[in-house]
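For the sequence shown, the working numbering assigns the number 23 to the initial residue and increments by one for each residue that follows. Scroll down for the structure; my scribbles are underneath it.
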Amino acid sequence: MIWQFIMNVDLHCHTTASDGSLSPAELLQLAEQRNISMLSITDHDTLDAYSQIDQLDLPLRLIPGIELSSKWRKIGVHIVGLNIDLQDPTIIAGAALQTKTRRDRAEKIAEKLAGMGFKNTLDAARARALGGQIGRPHFAEHLVAIGAVKSSQQAFKKYLGAGKIADIKACWEDIETVTGWIKAAGGTAVLAHPSKYGLTRAKLTALIGDFKDAGGEAMEVISGQQTPALTVDLASLSVKHQLLASCGSDFHRHHTPWAALGRVAELPDNCIKIWSRW
Ligand code: AMP
Ligand code: MN
Ligand code: MN
Ligand code: MN
């Protein structure tokens, strides 16, 4: 398997602590099978996976991380924090605030869905979250289960995705605040999957400028499976804006080849790899 020789760094993935389907232990097992040598678990707005891991006996270098939801000009933007101090009170308080925000947001999402004729989606989504962070994917899975839509993708397209009726994002803190939490915890703030916000080049440049002003130091040049042309483009953006380059699969579950754990192309040579600073 050629990937095992090329790629051994994956700095973005999810577990059952948020919207992933593998437990932290199962994820680490898969990471070992795929010969990953450096891994960060970056669950949405929680560090809980790390309290479920015995950090003393790991076959790889585990970089403590988190993916924080935020907003920028009314757009939902994700900021990954890497190499953070898991004991830092600021990031712990930040994650606690985000957890509460997610719970409150879930109620609002359920209200919007009720308005569309889907009753009692809150309990169903909570059950699907298995005690972890509740998010839109759990509502999407429920809508699939009751036959309202054919796939999660379709649930996002019709109800939950950007600009749709049950897309509630006003609740998130701004990028300065969440970047501040990461920096307080000694971490590196990374602009996650920059190509996935549907921004024009001018707006993306403005976002990168504001992110840097907020203390952001890196961007994901590779997020899952992407075209070589996009990789070249994002690599040159990282060089132009003097941001460190990160890479990750954004793995959530099996059978999603576009986001497979450890199957991430190498960063181009012109980038400065984020781990060179750790
Ligand atoms: P939330 O964290 O609740 O805002 O939900 C965002 C998450 O939903 C992302 O991290 C993805 O895991 C998932 N997601 C976003 N867009 C889609 C989509 N179009 N289809 C399926 N899942 C999606
Ligand atoms: Mn997710
Ligand atoms: Mn994300
Ligand atoms: Mn993610």
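The C-beta atom is built at its ideal place from N, Cα and C for all residues, glycine as well. Treat the numbers as computed from the prediction; the structure is a model and nothing was measured.
Nearest to residue i by CA position, among the options, is which residue?
i: Ala47; options: Gly284, Glu198, Ile106, Gln74; result: Gln74
i: Leu221; options: Ser91, Gly98, Leu82, Leu80; result: Gly98
i: His215; options: Lys130, Ile190, Gln248, Val200; result: Gln248
i: Gly154; options: Asp110, Thr68, Met138; result: Thr68
i: Asp291; options: Asp79, Thr253, Gln176; result: Thr253
i: Thr227; options: Pro250, Ile244, Ser258, Gly246; result: Ser258
i: Lys205; options: Leu90, Leu49, Gln51, Leu52; result: Leu90
i: Ser45; options: Ile296, Ser260, Ser217, His274; result: His274
i: Gly103; options: Leu213, Gly231, Ile230; result: Leu213
i: Leu229; options: Ile296, Pro250, Ser260; result: Ser260
i: Thr121; options: His66, Asp235, Asn142, Arg223; result: His66
i: Tyr219; options: Gly284, Lys96, Val31, Tyr72; result: Lys96
Helix, strand or coil: which one does DSSP assign to residue i?
i: Pro290; result: coil
i: Ala20; result: No answer is possible for residue 20: it lies beyond the span of the chain, which begins at 23 and ends at 300.
i: Asp107; result: coil
i: Ser92; result: strand
i: Glu242; result: strand
i: Thr38; result: coil
i: Ile61; result: The amino acid occupying residue 61 in the given sequence is Leu; Ile does not appear at that position. Strand, per DSSP.
i: Gly83; result: Before going further, note that residue 83 is Arg rather than Gly in the sequence given. Reduced to three states, the DSSP call for Arg83 is strand.
i: His276; result: coil
i: Gln26; result: For Gln26, the pLDDT reaches just 43, beneath the cut-off of 50, and the residue's location in the model is therefore unreliable, although a value from the coordinates is still provided. Note: Gln26 maps to helix in three-state DSSP.
i: Ser173; result: coil
i: Leu266; result: strand
i: Ala282; result: coil
i: Leu152; result: coil
i: Leu13; result: The structure shown does not extend to residue 13, since the chain is modelled only from 23 to 300, so the question has no answer here.
Look at the Cβ atom of residue i, then the Cβ atom of residue j, and state whether they are nearer than 8 Å.
i: Ile101; j: Ala170; result: no
i: Ile85; j: Asn105; result: yes
i: Ala188; j: Leu135; result: yes
i: Ile131; j: Arg158; result: yes
i: Ile88; j: Arg125; result: no
i: Lys191; j: Lys93; result: yes
i: His160; j: Asp70; result: no
i: Ile244; j: Val286; result: yes
i: Leu78; j: Ala53; result: no
i: Trp203; j: Thr278; result: no
i: Ala128; j: Ala147; result: yes
i: Leu256; j: Ser298; result: no
Excluding five sequence neighbours on each side, which residues of the same chain lie with their C-beta closer than 7 Å to the C-beta of residue i?
i: Leu152; result: Thr38
i: Trp300; result: Asn105
i: Ile294; result: Leu266, Ala267
i: Leu182; result: Arg158, Phe161, Ala162, Ala188, Asp189
i: Met138; result: Tyr181, Ile187
i: Ala236; result: Ile197, Glu198, Thr201
Excluding the 5 residues preceding and the 5 following residue i in the sequence, name in chain order all residues of the same chain whose CB lies nearer than 6 Å to its CB.
i: Gly246; result: Ser271, Asp272, Trp280, Ala281
i: Asp107; result: Ala207, Gly208
i: Gln26; result: Per-residue confidence for Gln26 stands at a pLDDT of 43, beneath the threshold of 50, marking its modelled position as unreliable; no derived number is given.
Leaving out the 5 sequence neighbours to the left and right, which residues in its chain are closer than 8 Å to residue i when beta-carbon positions are compared?
i: Leu80; result: Leu50
i: Met23; result: Residue placement at Met23 is poorly supported in this model, since its pLDDT is 45, which falls under 50; the coordinates still yield a value, given next. No residues qualify anywhere along the chain.
i: Lys172; result: Val166
ask   = Between the region 258-277 and the region 230-240, do at least 3 Cβ pairs fall closer than 8 Å?
value = yes
message = Taking contact to mean 3 or more Cβ pairs, one atom from each stretch, closer than 8 Å, check whether the region 30-37 and the region 57-65 are in contact.
response = yes
key: the region 189-209 contacting the region 160-167, beta-carbon criterion three pairs below 8 Å   = no
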